[in-house]
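Going down the list, the protein sequences come from chains A and B. Heads up: the first sequence begins at -17 in the numbering used here, then just goes up one per residue. Heads up: the second sequence begins at 817 in the numbering used here, then just goes up one per residue. Quick reminder that beta carbons are idealized off the backbone N, C-alpha and C, glycines included. Computed from a prediction, not measured in an experiment: that's the story for all the values here.
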Amino acid sequence: MALSQVAAFGLISMIAISAFLLIQTVSQSAQALYDSSLQSFKSMQQNAQQTLIHILKVSVSSNTLFVYLANNGSTNLYDFIHFAVIVKYYANVSGTPLLSVSLYSFSKNPSQYQWTSVYGEIFPHTVGVLKIVLPYPPYDSRSGIVVVSTNYGPYAVWSGAL
Amino acid sequence: MPTEAISEAILLIASVVLIATLASALYISIGYISGATISSSLHNSQKLLTQVQIVFATNISSTTLYVYIQNIGEYPVYNFALGTLYFGLENQEQPIGYGGPAPSWSTNTQVLNPGSTAQITITLSSSLVKGSFYTVMYVTPNGVSSSYTFEVT
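Right, dumping it as structure tokens:
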């Protein structure tokens, strides 16, 4: 076999092998990336399916709401900083009812527009108490809405007179 | 004999040149395909880990509404204001533009990180009808959506 043929065959073989390896590496990387995301997605779905909360009752003391939250799922509720707590109510501002709709942030020592979990982590099949500090006391027995959404997605809504 | 050697040398050079041309074309194509494959995989992965939900929506006046959207996924929603918002009577939703004259929506959130909740304000040009059901839907810039239907009080 002539030298040029040997060289051509060798070079083509080398290029074909390197191209194949390159494609395989890229394909495996892409698949690994997707598989990793799929695992995280399944974990997210599983946590969401296993989380179930209900608001049993809401009581008011001046400008503080106490929300009794039942954890009827099988996940522990502790990532409170990633919860969403929203309160819609009529505030008593110098004797005048004023509609207030706000998102409340988590704090261990709550002040206005903040909330905390009185007993910390809420374990499955237990009832936790959320203390929500409103900017003003509720106007006498006007209707209000409290929404508590967990970091996993499932949420509970309570509506009634405050 | 020298003629054969010259021919062989010419063939060798021609082979190397042709194979080099072929190889560069092949590697460029593989580069494009690899880029597209990785990009597609990244996009799908990001979309899989992006999850938002509208937790609450309510009207605070006859032409103003608040909508609360929580990121319950594991991936931040970048350019939150570049998402699309639809609003209207149930099953008659229309897209609403960001900012500008009513009807429009606005938010202070640029990036909605996992676990965070954003407040959206919708300003309408005509009054809501009490007792009617309205639907709001938000679609993230990467195509993940959530909708919420509520009654105007």
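Original post:
Counting only runs that start and end within the region 862 to 929 of chain B, where is the beta strand (DSSP E) found for 3 or more residues in a row?
Top reply: 868 to 875, 880 to 887, 900 to 905, 910 to 914, 920 to 923
Subject >> Backbone secondary structure at threonine 57(A) - three-state DSSP >> reply: coil
Original post:
Of all the CB atoms in chain C, is at least one closer than 8 Å to the CB of histidine 107(A)?
Top reply: Within the model displayed, chain C is absent; protein chains A and B are what it includes.
Original post:
phenylalanine 23(A) versus chain B: which residues are under 7 Å apart at the beta carbon?
Top reply: Leu864, Leu865
Original post:
Is the Cβ of valine 115(A) closer than 8 Å to any Cβ of chain B?
Top reply: In terms of beta-carbon proximity, valine 115(A) stays away from the interface with chain B, with every pair separated by 8 Å or more.
Subject >> Through-space distance from valine 868(B) to methionine 953(B), alpha-carbon basis >> reply: Rounded to whole angstroms, methionine 953(B) to valine 868(B) spans 11 Å at the Cα level.
**OP:** Given a cut-off of 8 Å, decide if leucine 834(B) and alanine 1(A) are closer than it, judged by their beta-carbon atoms.
**Re:** no
**OP:** Can you say whether proline 818(B) is buried or exposed, counting buried as having 16 or more other CB atoms within 10 angstroms of its CB?
**Re:** Residue environment analysis places proline 818(B) among the exposed positions, since fewer than 16 neighbouring C-beta atoms fall within 10 angstroms of its C-beta.
Original post:
How would you list, in chain order, the residues of chain B whose beta-carbon sits under 8 Å from the beta-carbon of histidine 64(A)?
Top reply: Pro930, Gly931, Ser932
Original post:
Is glycine 126(A) closer than 8 Å to lysine 39(A) when the C-beta atoms are compared?
Top reply: no
Original post:
For glycine 913(B), which residues from the same chain have a beta carbon less than 6 Å from its beta carbon, with the 5 sequence-adjacent residues on both sides left out?
Top reply: Ser920
Subject >> Against chain B: residues of the region 2 to 27 of chain A by CB proximity under 8 Å >> reply: Leu4, Ile5, Val8, Ser9, Ser11, Ala12, Gln13, Leu15, Tyr16, Ser18, Ser19, Leu20, Ser22, Phe23, Met26
**OP:** Determine which residues of the region 906 to 926 of chain B have a Cβ less than 8 Å from any Cβ of chain A, and write them out in chain order.
**Re:** none
Original post:
Can you tell me where the beta strand (DSSP E) with glycine -8(A) in it begins and where it stops?
Top reply: First-last for glycine -8(A): -15 to 31, but that is the alpha helix (DSSP H), not the beta strand (DSSP E).
**OP:** Kindly say whether leucine 828(B), judged by its beta-carbon, lies nearer than 8 Å to any beta-carbon of chain A.
**Re:** It does; some Cβ of chain A falls within 8 Å.
Original post:
Whole-angstrom Cβ separation of serine 861(B) and serine 19(A), contact assumed at under 8 Å?
Top reply: 4 Å
Original post:
Which whole-angstrom value is the C-beta distance of phenylalanine 949(B) and alanine 873(B), which I expect to be below 8 Å?
Top reply: That belief does not hold up - the Cβ atoms of phenylalanine 949(B) and alanine 873(B) are roughly 11 Å apart, past 8 Å.
**OP:** State yes or no: is the C-beta of proline 957(B) within less than 8 Å of the C-beta of asparagine 895(B)?
**Re:** Yes. Within cutoff.
Original post:
Distance, Cα to Cα, serine 855(B) vs serine 831(B)?
Top reply: 35 Å
Original post:
Applying the criterion that 16 or more other CB atoms from any shown protein chain within 10 Å of the CB defines a buried residue, is phenylalanine 65(A) buried or exposed?
Top reply: Burial call: buried.
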